[in-house]
Structures are given as C-alpha cells and as structure tokens.
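So the sequence shown is numbered by my numbering: it starts at 82 and just counts up by one. Worksheet for the structure shown next.
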Amino acid sequence: MALVPSYIQQLANYKPGKPIAEAQRELGITDFIKLASNENPLGPSPKGLAAIQESLKNLHRYPDATGYELRTKLANRFNIKMENVVLGAGSEGIMSTIIRTFLLSDDELISAANSFIGFRVLANASGRRVHWVPMKNYRYDLEAMANKITDYTKIIYIANPDNPMGTTITRQEFDEFYKHVPERVLIILDEAYYEFAQNSPDYPDSMTYRYDNVITLRTFSKAYGLAGIRVGYGFAHESLIGNLLKVKVPFEPSLSAQAAGMAALDDVEFLANTLKINQEGMTFLKQEFDALGIEQVPSAANFITTVWDSEKTASKLTQDLLEKGVIVRQLTGFGWPNCIRISVGLESENQKCIASLKEIL
82 MALVPSYIQQ
92 LANYKPGKPI
102 AEAQRELGIT
112 DFIKLASNEN
122 PLGPSPKGLA
132 AIQESLKNLH
142 RYPDATGYEL
152 RTKLANRFNI
162 KMENVVLGAG
172 SEGIMSTIIR
182 TFLLSDDELI
192 SAANSFIGFR
202 VLANASGRRV
212 HWVPMKNYRY
222 DLEAMANKIT
232 DYTKIIYIAN
242 PDNPMGTTIT
252 RQEFDEFYKH
262 VPERVLIILD
272 EAYYEFAQNS
282 PDYPDSMTYR
292 YDNVITLRTF
302 SKAYGLAGIR
312 VGYGFAHESL
322 IGNLLKVKVP
332 FEPSLSAQAA
342 GMAALDDVEF
352 LANTLKINQE
362 GMTFLKQEFD
372 ALGIEQVPSA
382 ANFITTVWDS
392 EKTASKLTQD
402 LLEKGVIVRQ
412 LTGFGWPNCI
422 RISVGLESEN
432 QKCIASLKEI
442 L
C-alpha cells in the first residue's frame with residue numbers, strides 16, 4: 082500500500098520567481114533588479130512596516146485567533162459585517178481552507194488551464210477531478226467553463242485579473258456566466274490585483290455581487306507591498322465564512338501580519354502612489370514593447386506578459402536578461418513556455434529592463 086497518494090506523487094514542486102540572492106550566487110552579479118514576481122517596487126506600506134516593528138515586542142503572545150480587529154476594519158471599509166470576512170496567510174491560505182471545508186469525495190472543480198499556478202497546485206492536491214478549460218485569446222473562456230458544469234461541480238475558480246496574463250472578464254461576461262451556475266456551486270473570485278483594475282468601467286468588482294455562493298479573495302501582498310508577511314482576506318455569506326472559520330488554521334495570519342494589515346488599510350497616500358507609479362510604468366513598458374515590435378497581452382494588473390515565437394527564444398531571452406542583472410519570469414511552469422512575464426518596477430528599473438532588451442534584440 083502506497084504511503085503517499087498517487088495524485089500527490091504526480092504533483093510538481095511550485096517554482097517561484099528567482100530570488101535575487103539565488104541569482105547573485107549563480108552569476109556573481111550584485112546589482113540585480115527583480116521584475117519577476119509582481120511585487121510592489123516601492124517596498125512595503127510605511128504604516129504597515131511601522132506596525133510590524135511595533136508588534137515585535139509582543140511576539141511572545143499568540144495572535145488573536147478570531148482576527149477581530151482586522152476583520153472589523155475590513156468589514157467597515159467595504160460596508161459588510163465582520164461575519165462576512167475571513168483572514169488567511171495570503172489568498173492561497175484561504176483557498177486551501179475553502180478546498181478542505183467544502184469538497185466531498187465525488188465533487189469536481191472547474192477553472193482555466195494555465196491560470197494561477199497556486200490554485201492549480203491546491204486543486205490537483207485535493208485528489209478530486211478538475212476540469213481545466215483552455216483559455217481563449219489569453220482570457221478565461223466562461224462559455225466553455227459553463228458547459229463543463231455537472232451535478233458533481235462544487236467549486237469554480239476565476240482569477241480576475243488573471244495571473245499570469247493580466248486579462249480580465251467583464252461585468253457582462255460574468256452576469257451571463259452566473260446564469261448557468263447552480264446555487265450549490267461555489268464561485269471563487271480571486272481579486273489579488275483588484276486595486277489595479279478597480280477603475281475600469283467594465284470590471285465586475287465582486288463586492289457588487291452579494292450572491293450567497295460567491296467568495297471574494299483579496300490580498301495585501303501586491304498593492305500594499307506586504308507579500309513577505311502573508312496576509313490575505315476573503316468576503317462571503319456568513320454561513321460560508323462561519324464554516325471556513327471552523328477549518329482554518331487557528332492563529333493565521335500571524336500577529337505581525339494582522340497588525341500590518343490594519344495599518345496598511347490607513348496608508349491612503351502609499352496606495353495612491355503605488356497606483357500612480359504602476360500606471361506610469363505600464364504606459365512606458367507598453368510603448369517601448371510596441372516600438373520594439375514585441376507582442377504583449379493587454380494587462381489590467383501590475384505586470385505585462387510578452388509573447389515570443391518559441392520556448393527556446395523565451396528561455397534564451399530570460400537568461401540573457403538575467404546576465405544583464407534583470408530577473409523576469411518565463412512562464413513555463415504556468416503552461417506558457419513561449420511567454421515572459423515582466424513586472425512593473427520603479428522608473429529606473431523599467432528603463433534598465435528596456436535598455437537591456439534593446440541591447441539583446
């Protein structure tokens with residue numbers, strides 16, 4: 082009898098974007114810029130950072146297992162009840178709790194093929210059947226996903242904007258899709274990049290869809306620059322949240338993470354500056370890619386995915402950029418081996434990336 086289930090044995094290890102320290106060890110170069118992991122180039126929210134430092138004197142204490150203060154603050158911010166809010170170690174932590182809470186032995190899942198790799202790992206690790214629906218023009222094909230719904234469907238996952246493509250589904254598309262979803266099916270709307278997309282007129286902000294079977298996931302990792310401390314949150318009907326709270330890890334997020342999230346929500350100036358820097362960087366990169374004749378996928382997030390003629394070309398370009406001190410992400414692990422995702426950096430970092438590309442090309 083096998084000790085490890087076959088569906089676990091078949092999983093591949095998740096490979097994140099190359100850390101700067103690893104690149105330094107490999108090449109002996111000290112001056113790297115990292116545009117591989119969609120991190121906030123401004124660093125962490127100053128108010129969040131100050132709260133983390135203040136929390137350190139209480140690290141001998143367990144965090145509030147209920148997350149009362151942060152949940153209450155999020156509820157007030159989005160005009161809902163605390164009972165509609167759940168916390169986790171990033172949005173992936175909540176995804177894991179959702180899968181452990183709601184899936185029965187015969188339940189099935191549906192999502193887009195080659196979308197967010199974090200959900201793919203969790204879904205495949207569940208041992209349940211997953212329908213991976215191919216994307217259409219680098220976007221979720223909601224019509225095809227609706228056609229996969231059966232009596233066994235329990236969870237449908239949609240990242241909006243998507244990672245790694247940055248594309249979105251529109252309000253009209255979601256409204257039409259929802260007509261085909263039974264009430265017993267949970268829809269996870271992963272809005273990790275919500276802050277960057279929220280002002281688009283056709284973006285379906287899930288907070289306007291107070292449906293009993295929709296779970297919204299968001300995070301402090303991107304716009305608030307707190308990726309390293311792992312704090313995310315979710316919104317849903319209180320009956321769903323109540324059951325998630327029974328299953329989630331009791332003292333997650335950590336004391337420092339909860340304190341950082343509380344403070345970051347008040348860092349209005351930092352968030353505004355983040356969005357400004359991101360918009361300027363997106364505009365610059367798009368214009369430069371166009372001038373160089375580089376195919377790109379229109380993005381509503383804080384990165385742009387570029388498309389190349391082959392995996393070989395993308396692999397060589399990724400390595401050539403690395404040797405010039407620019408870390409980007411070839412999307413082989415996501416299922417897009419001929420694509421390279423480039424995160425928006427500071428102005429100087431964006432300029433270095435483009436200058437390096439011009440030299441290489």
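Glycine included, each C-beta is placed from N, C-alpha and C at the ideal position. All of these numbers come straight from a predicted model, not from anything done at the bench.
Within 10 angstroms of the beta-carbon of T234 lie 16 or more other beta-carbons, which makes it buried. Within 10 angstroms of the beta-carbon of E376 lie fewer than 16 other beta-carbons, which makes it exposed. Cα atoms of I296 and T289: separation of roughly 12 angstroms, rounded to the nearest angstrom. The Cβ atoms of F365 and N431 sit closer than 9 angstroms to each other. Per DSSP, the unbroken beta strand (DSSP E) holding S192 starts and ends at E189 to A193. For G174 against G313, the beta-carbon gap comes to about 6 angstroms, under 8 angstroms, which counts as contact. Per the C-alpha coordinates, the member of V330, N383, K433 and C420 positioned closest to G169 is V330.
A direct Cα-to-Cα measurement between R152 and V167 gives close to 7 angstroms.
For L137, the three-state secondary structure derived from DSSP is helix. Secondary structure of Q377 (DSSP, three-state): strand.
Annotation for G169: no alpha helix (DSSP H) segment contains it, though the beta strand (DSSP E) segment containing it runs V166 to G169.
In the displayed model, T394 falls within a helix according to three-state DSSP.
Taken atom to atom, the span from the alpha-carbon of I239 to that of I269 is near 6 angstroms. Exclusion of the five residues before and after A132 leaves A340, A341, M343 and A344 as the residues of its chain whose Cβ lies within less than 7 angstroms of its Cβ.
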